[in-house]
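**Student:**
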Amino acid sequence: MTGWQQFPATAVLILADGTRLEGHGIGAVGHAAGEVCFNTAMTGYQEVLTDPSYAGQIITFTFPHIGNVGTNDEDIETVNMAALSGVRGVVLKADITNPSNYRAAEKLDAWLKKRNIIGIAGIDTRALTARIRENGMPNGVIAHEPSGHFDEGSIMAELNAFPGLEGLDLAKEVTTAQTYHWDQTSWKWNEGYGTLDKPDFHVVAIDYGAKRNILRCLADQGAKVTVVPATASAADVLAHNPDAIFLSNGPGDPAATGKYAVPTIQKLMETGKPMFGICLGHQLLGLALGGTTSKMHQGHHGANHPVKDLTTGKVEITSMNHGFAVDAETLPAGVTQTHISLFDNSNAGLAVDGKPIFSVQYHPEASPGPQDSHYLFTRFLNLVRKEKGLPEKPEFQAPAA
């Protein structure tokens, strides 16, 4: 009778306090440092792993079965394919199984390799999540070496060199390198994505790490979208003669990105054009209005976050992904808090009194099942319709039968 065969660990996750978690490697070979966070979504792992807002982070999925529906070429969120998404690593509980979904084109493991994302499986993700909830999001380093022999010196040097996300401008790493136009509309069952043939409006989107589905939601409202880099000046934006301006989501510390973004946003606000910001765009707008932002303890990452719209009294089930937040108490007179998180009462939206300018902290474009927040794109383009003297659309519409 033989005993149990002991296989060496082929991947490790080491936290800044020295905690070492061993498992087996998936995805790319190598090592990378980042901030370790957790995401509570049960679906949409491919969208999460391609969301530029996660740049600089190692994502722990709390749902145990990740990879079971495979991957495809449609469920990708990053627009800048050259920069991929910036995700540093992924932490899973269970092994990646063979996919079981008619849309699957490739196993998650092979897809991770192609995108140079390092992963570790076999981790007690419940214990790691509890640790993050209690102690905050730590810096960490993830390493995958098939032989099981790790270059400990090189791994720890990378961890020690990682500065953390505070003070880090990551928008420049994930933004588009050049201006482009967007006319793709939302995905429909058995039809795929559509194309906007006859736009009614023109929106310029400043790309701090934009997601594709945000641009699709704008196109659904009849807007041709011109996407410009994060470093575009106000003159660059206005040269396109937009009807409205959109401030995209993105990664990193808003105060760092704000060094060049805030002056641009302030000049754009002076034009009186409608403006809408999401996530990092929301935080940058808050800074431009005179507020401050701060690092959160554990952040908000998931597809089941309740948010209350204080303007309507409605509660929405939203998707969130942010580690910084606008400090509501620092917003000046003339700026109204419009949304709050019902988890911790943190700020989730603002509007400028008497001006067509507003923003939200969460991701209204996400569709993890509910589409509770899609009305915000209607609200945004209704500001343009009002200026043009066109009939406004109802914000809430019953789903098609």
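When the count follows the UniProt record's numbering, it moves up by one through the sequence shown with no breaks and lands on 401 for the last residue. Note that beta-carbon positions come from the ideal geometry of N, C-alpha and C, so glycine has one too.
When the Cα of residue 285 is compared with those of 239, 215, 339, 359, which residue comes out closest?
**Tutor:** Comparing Cα positions, the closest option is 359.
**Student:** Between 71, 118, 127, 237, which lies nearest to residue 102 when the distance is taken from Cα to Cα?
**Tutor:** Out of 71, 118, 127, 237, 71 has the C-alpha closest to the C-alpha of residue 102.
**Student:** Is the Cβ-Cβ distance between residue 327 and residue 293 less than 9 Å?
**Tutor:** Yes, Cβ-Cβ distance for residue 327 and residue 293 is below 9 Å.
**Student:** For residue 221 and residue 388, I'd like the C-alpha separation in whole angstroms.
**Tutor:** C-alpha separation (whole angstroms): 15 Å.
**Student:** Would you mind listing the beta strand (DSSP E) stretches within the region 98-168 that are 3+ residues and don't spill past its ends, in chain order?
**Tutor:** As far as the region 98-168 is concerned, its whole beta strand (DSSP E) runs of at least 3 residues are 118-121, 139-144.
**Student:** In whole angstroms, what is the alpha-carbon distance linking residue 27 and residue 291?
**Tutor:** Cα-Cα distance, rounded: 41 Å.
**Student:** Of all the beta strand (DSSP E) runs that stay within the bounds of the region 289-355, which reach a length of 3 or more residues?
**Tutor:** The qualifying runs are 293-309, 315-326, 335-341, 347-352.
**Student:** Go through its chain and collect everything with a Cβ distance to residue 94's Cβ below 6 Å, but skip five positions before and after it.
**Tutor:** Cβ neighbours of residue 94 beyond the five flanking positions: 64, 65.
**Student:** Which residue wins for smallest C-alpha separation from residue 289, given the options 201, 235, 337?
**Tutor:** The residue with the shortest Cα to Cα distance from residue 289 is 337.
**Student:** Tell me which same chain residues have a C-beta within less than 6 Å of the C-beta of residue 38, skipping the five on either side of it?
**Tutor:** Counting only Cβ-Cβ distances below 6 Å, and skipping sequence neighbours, we find 60, 62, 129, 132.
**Student:** Report, in whole angstroms, the separation of the C-beta atoms of residue 146 and residue 10, which I expect to be a contact under 8 Å.
**Tutor:** The pair is a contact, with the Cβ atoms about 5 Å apart (cut-off 8 Å).
**Student:** Can residue 257 and residue 230 be called in contact, C-beta distance under 9 Å?
**Tutor:** Yes, the pair counts as a contact, with Cβ atoms nearer than the cut-off.
**Student:** Under a Cβ-count criterion, where at least 16 other Cβ atoms within 10 Å of its own Cβ denotes burial, should residue 212 be classed as buried or exposed?
**Tutor:** Buried, by the Cβ-count rule.
**Student:** Please report whether the beta-carbon of residue 144 lies at a distance below 9 Å from any beta-carbon of chain B.
**Tutor:** The question asks about chain B, but that chain is absent: this structure has only one protein chain.
**Student:** For my contact list, residue 281 and residue 249 are in at a C-beta cut-off of 8 Å; report their separation, rounded to the angstrom.
**Tutor:** The pair is a contact, with the Cβ atoms about 6 Å apart (cut-off 8 Å).
**Student:** Counting along the chain, where does the beta strand (DSSP E) carrying residue 37 start and finish?
**Tutor:** Looking at the DSSP string, the run of the beta strand (DSSP E) that includes residue 37 is 30-39.
**Student:** Under DSSP, the alpha helix (DSSP H) around residue 263 begins and ends at which residues?
**Tutor:** 254-269 is the span of the alpha helix (DSSP H), which, as asked, contains residue 263.
**Student:** With distances taken from CA atoms, which of 141, 148, 233 is nearest residue 160?
**Tutor:** Considering only alpha carbons, the answer is 141.
**Student:** Which of helix, strand or coil does DSSP assign to residue 61?
**Tutor:** Of the three classes helix, strand and coil, the one that applies to residue 61 here is strand, per DSSP.
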